[in-house]
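Notes follow once the structure below has been shown.
In our numbering, the protein residues as written are 35 to 297.
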């Protein structure tokens, strides 16, 4: 179950971050201090808490103001029997063009550890990857990768999605965005399925529904096993994510939302 939880979080973030065609974004959807909290469940079992958080103040990278954004995933209660998970993905997202300058991962899953930083040069199209030892202090390796365009990372792409004009999409539309993750460039499509009214812990919400294309594997069931519900209001926040596994389904349901830009 620990492996399932980790892989689903990864695919959900990648699916979201690979989805939308590039354009000049105008961010009217999110701001400093936003916090979204989710409960992760598998059937009757509450597996974990997940949080998406934007720092309250801008952070400077390359002499430009950035959003510092963190995504946390942590198992709780009886779920820790299957293996403790305490993960943190993060990004420094330029407030002007909504592209990342720095991303990082701190992965703690059972005895497994991975600590990584990626520095993006969005002008010269390079990504410098620093990998650290388990102590997260000793530098293990440094390698530069060539890119062919600007890219999003695993976290930043989801926030980029929220800056786009989703009203123009029609059911069946497919759009793409280039990204970089785990030493590779990627392009995966996300399909727009339409709209649905959904009852949530923060009230009834009209939502857009998206399904990221997921490569066939032994974890998921069906051709498009993951669905993401995003509010149709100006905030465009995710309120539910469902992943159909070969045995049952994994659900991310929003429990509260704080510091939203638009009330």
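In this text, a Cβ means the ideal position worked out from N, Cα and C, and glycines have one as well.
- Assignment of beta-bridge partners to residue 128 by DSSP yields 100.
- A straight-line Cα-Cα distance of about 10 angstroms links residue 266 and residue 231.
- Per the DSSP secondary-structure output, residue 196 pairs with nothing in a beta bridge.
- Secondary structure in the stretch 243-277: the beta strand (DSSP E) runs of 3 residues or longer, each lying completely within the stretch, are 260-265 in chain order.
- For residue 225, the enclosing beta strand (DSSP E) stretches over residues 224-234.
- Put simply, of 192, 77, 117 the residue whose alpha carbon is nearest the alpha carbon of residue 246 is 192.
- Inter-segment contact for the stretch 66-80 and the stretch 130-149 is absent: fewer than three beta-carbon pairs are separated by less than 8 angstroms.
- Of the candidates 293, 287, 188, 179, the residue whose Cα lies closest to the Cα of residue 235 is 287.
- Secondary structure remark: continuous alpha helix (DSSP H) runs of at least 4 residues inside the stretch 153-212, in chain order: 190-196.
- Counting the other Cβ atoms within 10 Å of the Cβ of residue 173 gives fewer than 16, which makes it exposed.
- Proximity to residue 206 across 225, 146, 107 peaks at 225, based on C-alpha coordinates.
- Around the Cβ of residue 194, a 10 Å sphere holds 16 or more other Cβ atoms; the residue is buried.
- When the beta-carbon positions are compared, residue 243 and residue 256 stay at least 8 angstroms from each other.
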